[in-house]
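Note that the sequence shown ends on residue 803 in the UniProt record's numbering; no numbers are left out. A short write-up of the structure that comes next.
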Amino acid sequence: YVERCAIRRQCKKKEEIFVMHLKNIFACTDTENGWTPWSEWTHCSVSCGRGGQQRGRSCNGISSTCSGPSVQTRSCIMVKCDRKMRSDGSWGHWSPWSACSVSCGEGSMTRVRLCDSPPPQKGAEGRANNWVSSHISTFEWPSCCVNAVAGGWSGWSESSLCSHSCGGGLSSRHRACSDPAPAHGGRTCAGDSVDYEACNTQPCPIDVCLQSKPCFPGVSCTSHPDGSWECGLCPLGLKGNGTHCEDENECEVEGVCVTACVNTDPGYYCLPCPRRYKGTQPFGLGWEEASTNKQICEPHNPCKDNTHSCHKFAECIYLGLVSELLFKCVCSVGFAGDGFLCAEDSDLDGWPNQRLPCKLNATYHCQQDNCPAIPNSGQEDWDKDGLGDACDRDDDNDEIFDERDNCPLVYNPRQFDSDLDGVGDRCDNCPFESNPLQTDTNDDGEGDACSLDIDGDEVLNDRDNCPFIYNTDQRDTDLDGVGDQCDNCPLLHNPLQDGIQNSLDNCPYVSNSNQADQDQDGLGDACDHDDDDDGVPDDRDNCRLVPNRTRGTGDVCFDDFDNDSIPNAFDVCPLNHEIGFTDFRKFQVVLLDPKGTTQSDPLWLIRSQGTELLQTANSDPGIALGFHRFSAVDFSVTFYVNTDRDDDYAGVVFAYQSSKRFYVVMWKQVSQAYWEKRPSKAFGTMGLSIKLVNSTTGPGEYLRNALWHTGNTRNQVKTLWHDSNKIGWKHFTAYRIHLIHRPKTGFIRVVVYEGKEILSDSGAVYDHTLAGGRLGLFVFSQEQVLFSDMRYESYPDVNSLLS
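Take a look at the structure:
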C-alpha cells in the first residue's frame, strides 16, 4: 500500500506559499513547536491476544525544529488466541510522513508500517515478507528558496488606562510578532497579540448629575465622589447660580442702542439707524456683549464714503442733515458745469467752453460760454447776437466800438454828453450833473449826484443825519449830528474787535461781526439764548431760527434752517436770513486817498446781477465794499486784467470794519517804487501779499504809501505774508483767487489758481486782530481790472445745532 506525496513551494516577494496535499493522513490544524496534533489511535493490531495501537503526528521541519517522537504506541489486549492455529501476519497503519529531507531542491519524505496486525503465528510469514515496510516520496523545491524564519513575539507593552473609573473596566496590553518577524514562509506566532485585564472593579458612587439633573438646561454639571455636585455658569444672555437662570435685560446697559433696543429671551438687538444715518445694528447675548458692542449711527456723508455722484472733476460738499440734498457737487477750478457734469472753463468764469447735457438745472452753468476767452459770469449779450458783451466790440450796434462809446449798451451814435462826465446822456442817471461813477444808492434810477433824497427814506439830504443809509427815525444817541445807523464812533471801546462799537453792538461781549438777529429783539443771535423767541432754549431747540414750540422732529426748518425761503443747498449763509446769495449790486465806494490829484478815483461797473464788477480807471487806492457782514467766510473771485497797460495792484478786502481797519490781499505784477516818496518809504515787490491795515490816520497819503510798500509801516500797515516766489500776474490771463478766513482761530489762507493749477498758496497764516467784517474788491493804480464769478459762503456745522 503506497500513498503519494506532492509538495509545492513558491517564492513571492518576501513571502512564501507552501501547499501540501495528503490523502488518508491527518487534517491540518494549528501547530505547536512544529508538530501537528496527534491522530486518533489505530485499531488494535490483533484480533486476539495482545497487540498494539499507534497514533502519529507530522512535523513541519522546514519552518521549525520538532522535538519528541512522531509516533506513539500502546498495548491492547483482545480475546485469547487459539495457539494451535497457524496464521499469517498483516500490515499495521502507516506512520505520519517525515519532514522533507531538504529545504530546497529535490528531497524525500518517508513513512513506515509494521507487520503486526496480527503478527504471523506457527511459522507463517508476513504478507510482504518483511516486518517493516517503508514509502518514500520525492519532490523538488524551487531553486530560489532560502531558509524559512519562524516568527517570535516581542515583549508586552505597558497596560493602557482603565476604560472606566469605577464599576469594572478593562485595560489592555499589546505585543507584536516581530522578534523576529516571520520570513520566507516561516510560521507566524501562536497565541494572542492583545491581553486584557480587569480594572477599577469598585462600585461607582451615585451620579447626581445623571440621576436628578439639578442644573439649568444647557449648564454643565460636575459630580464629585462624595456625592456632591456643582453647576457651571448660566448660558450667555441669562443670569443666575447655574441651578436657576433667567434672562438678562441687555437693554438696561446705558447707550447700548442709538435707536430702540429690543430685549429677547435670551439676547437683544438694536433697530436700524434712523433715516439719513448709517451705522451698525448690533445684536448678541449678555451684558458684556452689549457693553462692548454698542450701536454707532453717524450722519450719512456721501462725500466721505464716496457714494456720491459728482463728476471726477468736481468737489463733493457735504451739506448735512438739515438739507434735503445731503451733498452738492461743485466743479473744480478750471472746470464748469452743474457738478454732475463738468467741462473745461478756460476763463474761469463758471461757464464751460462747450455745452453740457445736464439733466437737472440744465441751464445752470451748462450752456456754452459766449465769451470763452474773457471772464463774463453774467453772460450778458445786449444785442442777442450770440457773442457776449465782454468780447463784442460793439454791444449796442451803433457802429461805435465800446472802448470809445460813452453808452456802450445804449444805441447813441451821436454820443451826446451834456455834463461831460464821460457817460452819454442816453444812459446817464444824472445827465446834467457830472457823476462818472453813476452811483444810485436807492436804485430809483436817479443818481445820487442829482437826487434830493439819496437813500429814499423821505428825509431830504440836507436834513438827513445818514443821507446814504435808510433811517426814518433819525436816531442820534450821542447827538453828534451823525445818525446811529451810520455812526461807527471809533473812539468808543470795542474789546471784541468785531468792528461794532459796544454801544451799537447787539452782542457787546460776544464777537459777531455779522450782527445777525433772527427775532429782531435787539439781542444778537450769538448771545441770545432763544434766537427765534419761541420759548424753547437754543440748546434744546431743533429749529433754533424758526419758531416751533412743539418741537416735533424739526420739520418746520428742514431744508431751510434760517427760514429765508432759500434751500440750504443754495443758501450761502444758511444761519442768517439776511444773506441768501452773493450780491454786490449795492456796494460802498471807499476812497483810501481821497484828497489831491495824484490819480483819479476808481470807477466801478456792475455786471452779472452783482457777481461781477469791472474797475476801469487807473486810480488812487480804493475799495468796492459790499454790505453783508461775515464772521467765518469763504470768498472766491476770478481776477482778470483786460489790458496790456500798467503793472500795479489789485486784490480783495475782507474783515473790513472801517477805512482804518481791514485785511487786504494785494497782487503786484512787477517790483516798483511809488512815485510819491513822501510821507514814507513805498516800494512794492512783485507777487502776492496779505496785509493787515490798522491805521491810526485812516485814508490819506500815509495809508496810501503804506499800502504800496511791501513790508511793515508803523501805525499803518503790517505785511502778514508775501509770496517768496514773487510771481506777478499777467495781462489777459484769468486767475481764480480763493480766500478762507476763520476769525475764531485767526486762520487765514489764500490760494491762487492759473487754470487748473495752483500758482500761489499762502498756507496757514494766523492773526487775531480783526474778528470779521465786510468783503470788498481792491485796486491801486491799475485799470481794466475785472472781478468775475464772485462767490461768498458761510457754512457753519448746522448739524450740531439740531437735537
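Ideal Cβ positions, reconstructed from N, Cα and C, are used throughout, including at glycine.
- For the options D195, I469 and K294, the alpha carbon positioned closest to that of V256 is the one of K294.
- By the neighbour-count definition (other C-beta atoms within 10 Å, threshold 16), N568 is a buried residue.
- R55 carries a strand assignment under DSSP once its states are collapsed to helix, strand and coil.
- Under the three-state reduction of DSSP, K726 is assigned to coil, being neither helix nor strand.
- Of all alpha-carbon atoms in P37, C66, S47 and W94, the one lying nearest the alpha-carbon of Q54 is that of W94.
- Looking from the CA of D620, the closest CA among E701, M666 and D559 belongs to E701.
- Beta-bridge annotation (DSSP): S636 is paired with H738 and R791.
- The three-state reading of DSSP puts W382 in coil, since its state is none of H, G, I, E or B.
- Per DSSP, the continuous beta strand (DSSP E) segment holding C231 begins and ends at W229 to C231.
- Spatial neighbours of L325 in its own chain (CB-CB distance under 7 Å, excluding positions within 5 residues in sequence) are listed in chain order as L319 and A569.
- Only residues of its own chain outside the window of five on either side were considered, and among them W156, S157, S159 and D195 have a CB closer than 6 Å to the CB of R173, listed in chain order.
- A straight-line Cα-Cα distance of about 8 Å links F581 and Y792.
- The continuous beta strand (DSSP E) containing W667 extends over residues R661 to K668.
- For R74, the three-state secondary structure derived from DSSP is strand.
- Apart from sequence neighbours up to five positions away, the residues of its chain that approach G152 with a beta-carbon distance below 6 Å are D179 and P180, ordered along the chain.
- At least 8 Å separates the beta-carbon of C215 from that of T259.
- Beta-bridge annotation (DSSP): L692 is paired with Y663 and K718.
- About 23 Å separates the CB atoms of D789 and S323; that is not less than 8 Å, and the two are not in contact.
- Shown here for E230: same chain residues with a beta carbon closer than 6 Å to its own, the five before and five after excluded, namely T222 in chain order.
- Judged by their CB atoms, L545 and V590 are not nearer to each other than the 8 Å cut-off.
- Taken through DSSP and simplified to helix, strand or coil, Y702 comes out as helix.
- Here A190 is exposed, its C-beta having fewer than 16 other C-beta atoms within 10 Å.
- Look at the region 252 to 336 and you find these whole runs of alpha helix (DSSP H), each 4 residues long or longer: 287 to 292 and 302 to 305.
- For R607, DSSP records a beta bridge to E612.
- A Cβ-Cβ contact shorter than 8 Å links V752 with Y735.
- Straight-line spacing of the CA atoms in G698 and G728 works out to 28 Å.
- Inter-residue distance for K677 and F558 is about 59 Å (C-alpha atoms, whole angstroms).
- Taking M78 as reference, the option from L707, S45, D398 and K756 with the minimal CA-CA separation is S45.
- Listed in chain order, the non-local C-beta contacts of F627 below 8 Å within the same chain comprise K586, F587, Q588 and R774, local neighbours out to five positions each way being set aside.
- Under the 8 Å Cβ criterion, the region 259 to 274 does not count as touching the region 303 to 318, having fewer than three qualifying pairs.
- For the 8 Å CB-CB criterion, N200 and C261 do not form a contact.
- Assigned with DSSP and collapsed to three states, F558 falls in coil, not helix or strand.
- Within 10 angstroms of the beta-carbon of P357 lie fewer than 16 other beta-carbons, which makes it exposed.
- When C-alpha distances from Q367 are compared across G337, D398 and Q474, the shortest belongs to G337.
- Spatial neighbours of G755 in its own chain (CB-CB distance under 7 Å, excluding positions within 5 residues in sequence) are listed in chain order as G334.
- Pairing Y649 with L692 gives a Cβ-Cβ distance that is not under 8 Å.
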